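What follows is one structure encoded as structure tokens, with my remarks underneath.
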Amino acid sequence: MTKKGKVFRPTAFAFPYLAVTLVFVIIPLILVLVYAVRGADGGFTFDNFRLVFTEKETLRQLGQTIAIAAQSTAICLLIAYPVAYILASQPFNKMAILALLFVIPMWINFMLRIFALQSLLSMIGVGKSYGAAVIGMVYDFFPYMLLPIYTVLSNMDKSYVEASRDLGANPVQTFFKVTLPLSVPGVVSGISMMFMPIFSSYAITKMMGDMNTTVIGAKIASLFENQNYGSYGYGSALSFVLLVLVLVVMLIGNALTRRTQKAPKGGKA
Amino acid sequence: MNKTSSKVFLGFKWVVLLAVLVAIYLPLLMIIIYSFSTSPSVGGEFGGVTIALYEKLFKNTKMLAALKNTLIIGLVSAALATILGTTASVGIHYMKKKVKSAVDTASQITVVNAEIVTAMGFFLLMIFLRDTVNVPVNFSLWWLIITHTVITTPYVILTVTPRLQQLNPNLLEASMDLGAGPMRSLFTVMLPQLAGAMVSGFALAFTLSLDDFVVTNVNSFGANIDTISTYVYSGIRKKGVPIEIRALSTIIFVVVLTALIVYNVVKNKKAKELAKKA
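Residue numbers (the numbering used here), protein chains in the order written: chain A, 1 to 269; chain B, 1001 to 1278.
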């Protein structure tokens, strides 16, 4: 190395990004925490958090959000898994464009897709309702659920399945004992691409659901909509609760993935 | 398994795939068909085939402004995210392991966090800058561009980093040994090799920006700026979206569909030709 080379530190290239992350990601999170524990008089208080856990309407909305997220994610998984399985199997895995057709909607503005879906549903007489909102979630997130599962299944080492069959397991046994466990990382990734994002998908519940159907993101957005300082604390506390929830869900996902990866390694990474 | 039952099974698989494809594309197809009708609702009496909605679209200044804002925010933020993300990837690549993992974690915050929390973090930051620090700023098109840059940059990093790890480090050293300065070596040796990944990163950032609703919605309260997402959303909530949205949707569907299919067909052909040569 030349003398110049020793002085030269390419790590400096990351500094602009680090500065941006500090100002626009870290500081806002600190602000959320500060607003959440600051009372109207500017002093420290837990009132905002107490309100989050005692106000009936907020608790109902939080419960409903979890219900919508769980139901939509489950339905989406039940449709996406078989589709991914078929697409990754013979002879469909040779048709490159076929799989593409299933994920193309990812690149189309979701609001326009939801608008299209809503138009079709009202055409066949399905009005705004809880069920319609769930259909909207499934429709919107389907490619995000499909893609990771499809990727895992199509990269899976086929010799595990062959070995299982050679050793006398029938196709059903092979699926439940070999294929399914090996595809868990894809399933976990699909679920995490859908479950938490639904909390923020208030556009879909507002457009597809009835008056009583909502996700917690709508509540948070409404608390800031009027630029009224009085509601920032409450909104921040609610956001903080969501933040903790994100962490919990992430830890569960990581634990699940790690547990399956401890088993004999599958797939050629 | 005997032959007939496997044939039945294959047929069943096709039925499943086609049913899902129909469910995915039927809504889009209905919008496309009804973009050539002036029927007040999709599925209503069709009337004659007409391009009236397309003419209406080009006279609807609000809808066109929303489209323009969407494209400006998308292109500018994706360009900024590509520059910021690529330089960040290069810098992070040379960091020590411990620092690297800390920075990686920080860069994943907005990716894993609930979008509404990220959105209101931006909102609180603006309020804080404007009212507490007294910086003369406010919610604006620029603010939306900045927020979109922040949320899409991690995806550029995720796209560029793997390519960076594949590069041959000897090339950069060779360049410096031959007398090129480190800056010049980075720009003439490393950057051209990252060009492909940068293009993918730009495309990803652009699409994510176009698709964004929550951050845009929360950060445009009162700013009177609409993107396509917020425009359709507020239309549906209030008195309904003007029906020429069907014409705009059709144009977007067709552009995206053809672009993606052509891109992938060309890519597959190239891959096949390469495989033949090898």
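Just so it is clear, CB atoms sit at the ideal spot from N, CA and C, and this is done for glycine as well. Treat the numbers as computed from the prediction; the structure is a model and nothing was measured.
key: Euclidean distance between Cα positions of residue 1277 (chain B) and residue 1269 (chain B)   = A straight line joining the alpha-carbon of residue 1277 (chain B) with that of residue 1269 (chain B) spans about 12 Å.
inquiry  = Please tell me whether residue 1196 (chain B) has its Cβ less than 9 Å away from any Cβ of chain A.
reply    = No, residue 1196 (chain B) lies away from the interface with chain A (no Cβ there is under 9 Å from its Cβ).
query = From the DSSP output, which residues share a beta bridge with residue 38 (chain A)?
reply = Here residue 38 (chain A) is bridged, per DSSP, to A:44.
key: Reduced DSSP category for residue 1266 (chain B) - H, G, I as helix; E, B as strand; rest coil   = Of the three classes helix, strand and coil, the one that applies to residue 1266 (chain B) here is helix, per DSSP.
ask   = Going by beta carbon distance, what residues of the same chain come within less than 6 Å of residue 7 (chain A), once the five residues before and after it are set aside?
value = In this prediction, residue 7 (chain A) has a pLDDT of 48, which is less than 50 and means its spatial position is unreliable; what the coordinates show is noted afterwards. Only residues of its own chain outside the window of five on either side were considered, and among them none has a CB closer than 6 Å to the CB of residue 7 (chain A).
key: Buried versus exposed call for residue 1050 (chain B) [16 or more other C-beta atoms within 10 Å across all chains shown]   = In the assembly as shown, residue 1050 (chain B) is an exposed residue. Its beta-carbon has fewer than 16 other beta-carbons within 10 Å.
request  = Could you list which residues in chain A have their beta carbon closer than 8 Å to that of residue 1244 (chain B), in chain order?
outcome  = Correct list: empty, because the minimum Cβ distance to chain A is about 13 Å.
ask   = By the 10 Å Cβ neighbour count, where 16 or more other Cβ atoms means buried, how is residue 208 (chain A) classified, buried or exposed?
value = Counting C-beta atoms within 10 angstroms of its own C-beta, residue 208 (chain A) has 16 or more neighbours from the protein chains shown and is therefore classed as buried.
task = Report the residue from B:1032, B:1134, B:1228 whose alpha carbon sits nearest the alpha carbon of residue 1071 (chain B).
result = Nearest option by C-alpha distance: B:1228.
query = Are the Cβ atoms of residue 233 (chain A) and residue 96 (chain A) separated by less than 9 Å?
reply = No, they are not a contact pair.
task = Could you work out which residues of chain B lie near residue 112 (chain A), taking near to mean beta carbons separated by less than 9 Å?
result = Near residue 112 (chain A) (Cβ distances below 9 Å), the residues of chain B are 1028, 1031, 1228, 1229, 1232, 1245, 1248, 1249, 1252, 1253.
ask   = Taking the C-alpha atoms as reference points, what is the distance between residue 269 (chain A) and residue 152 (chain A)?
value = The predicted position of residue 269 (chain A) is uncertain, since its pLDDT is 37 and thus under 50; a value taken from the coordinates is nonetheless stated next. Across the structure, residue 269 (chain A) and residue 152 (chain A) are spaced so that their CA atoms are roughly 9 Å apart.
query = For residue 130 (chain A), which residues in chain B fall below 9 Å Cβ to Cβ?
reply = Residues of chain B passing the Cβ test: none, with the nearest at roughly 18 Å.
query = At what residues does the alpha helix (DSSP H) containing residue 55 (chain A) begin and finish?
reply = Unbroken run through residue 55 (chain A): none, as it is neither H nor E.
query = Going along chain B, which residues have a C-beta under 8 Å from residue 222 (chain A)?
reply = Identification of chain B residues near residue 222 (chain A) by a Cβ-Cβ cut-off of 8 Å yields none; the smallest Cβ-Cβ distance measures about 10 Å.
query = Using the C-alpha atoms, what's the distance from residue 1186 (chain B) back to residue 1087 (chain B)?
reply = Their backbone Cα atoms lie some 10 Å apart in a straight line.
inquiry  = My assumption, with CB atoms under 8 Å, is that residue 1223 (chain B) sits in contact with residue 1139 (chain B). Please give the rounded CB distance.
reply    = Between residue 1139 (chain B) and residue 1223 (chain B) the Cβ distance is about 4 Å, and since that is below 8 Å, they are a contact.
ask   = So, is the C-beta of residue 118 (chain A) closer than 9 Å to a C-beta in chain B?
value = It does: the Cβ of residue 118 (chain A) has a partner Cβ on chain B nearer than 9 Å.
message = Suppose only complete runs of 4+ residues qualify. What are the alpha helix (DSSP H) ranges in the segment 1118 to 1200 of chain B, listed by chain order?
response = 1141 to 1166, 1169 to 1177, 1182 to 1185, all fully within the segment 1118 to 1200 of chain B.
request  = Note down, in chain order, all residues in the segment 1114 to 1126 of chain B with a beta-carbon under 7 Å from any beta-carbon belonging to chain A.
outcome  = So the list reads 1114, 1115, 1116, 1117, 1120, 1121, 1122, 1123, 1124, 1125, given in the order they occur along the chain.
query = Which chain A residues sit within Cβ distance under 7 Å of residue 1094 (chain B)?
reply = Result: 10, 11.
key: Beta-carbon separation (whole angstroms), residue 1108 (chain B) vs residue 1136 (chain B), contact threshold 8 Å   = About 33 Å separates the beta carbons of residue 1108 (chain B) and residue 1136 (chain B), which is beyond the 8 Å limit, so they are not a contact pair.
task = Between the Cα of residue 237 (chain A) and those of A:47, A:25, A:12, spot the shortest distance and give me the residue it belongs to.
result = Here the closest residue by C-alpha is A:47.
key: Range covered by the alpha helix (DSSP H) that runs through residue 1231 (chain B)   = For residue 1231 (chain B), the enclosing alpha helix (DSSP H) starts and ends at 1228 to 1237.
ask   = Interface residues of chain B around residue 62 (chain A) at Cβ under 9 Å?
value = Residue 62 (chain A) does not reach chain B, its nearest Cβ partner there being about 13 Å away, counting only Cβ pairs nearer than 9 Å.
Local conformation of residue 1210 (chain B) per DSSP, three classes = The answer is helix: DSSP assigns residue 1210 (chain B) an H, G or I state.
ask   = Does DSSP put residue 140 (chain A) in a helix, in a strand, or in coil?
value = Three-state DSSP puts residue 140 (chain A) in a helix.
With 16 other Cβ atoms within 10 Å as the buried cut-off, status of residue 1230 (chain B) = Per the 10 Å Cβ criterion, buried.
key: Under 9 Å between C-beta atoms of residue 972 (chain B) and residue 13 (chain A)   = Since the first residue shown for chain B is 1001 and the last is 1278, residue 972 (chain B) is missing from the structure and cannot be characterised.
Closest Cα partner of residue 1097 (chain B) within the set A:11, A:129, A:260, A:178 = Of A:11, A:129, A:260, A:178, the residue nearest in Cα terms is A:11.
key: Start-to-end residues for the alpha helix (DSSP H) that takes in residue 1282 (chain B)   = In the structure as shown, chain B starts at 1001 and stops at 1278, and residue 1282 (chain B) therefore has no counterpart that could be examined.
Distance between beta carbons of residue 1182 (chain B) and residue 1063 (chain B), contact taken as under 8 Å = The beta-carbon separation of residue 1063 (chain B) and residue 1182 (chain B), rounded to 50 Å, does not stay under the 8 Å limit for a contact.
inquiry  = Taking 9 Å as the threshold (beta carbon to beta carbon), is residue 104 (chain A) in contact with chain B?
reply    = Any Cβ of chain B closer than 9 Å to the Cβ of residue 104 (chain A) would place that residue at the interface, and such an atom is present.
Contiguous alpha helix (DSSP H) assignments of at least 4 residues, all confined to the segment 178 to 246 of chain A = With a minimum length of 4 residues, the continuous alpha helix (DSSP H) runs that stay inside the segment 178 to 246 of chain A are 184 to 192, 195 to 199, 202 to 208, 216 to 225.
task = Report, in whole angstroms, the separation of the C-beta atoms of residue 214 (chain A) and residue 118 (chain A), which I expect to be a contact under 8 Å.
result = So it is not a contact: roughly 16 Å between Cβ atoms.
ask   = Buried or exposed: where does residue 68 (chain A) fall if 16 or more other Cβ atoms within 10 Å of its Cβ makes it buried?
value = By the neighbour-count definition (other C-beta atoms within 10 Å, threshold 16), residue 68 (chain A) is a buried residue.
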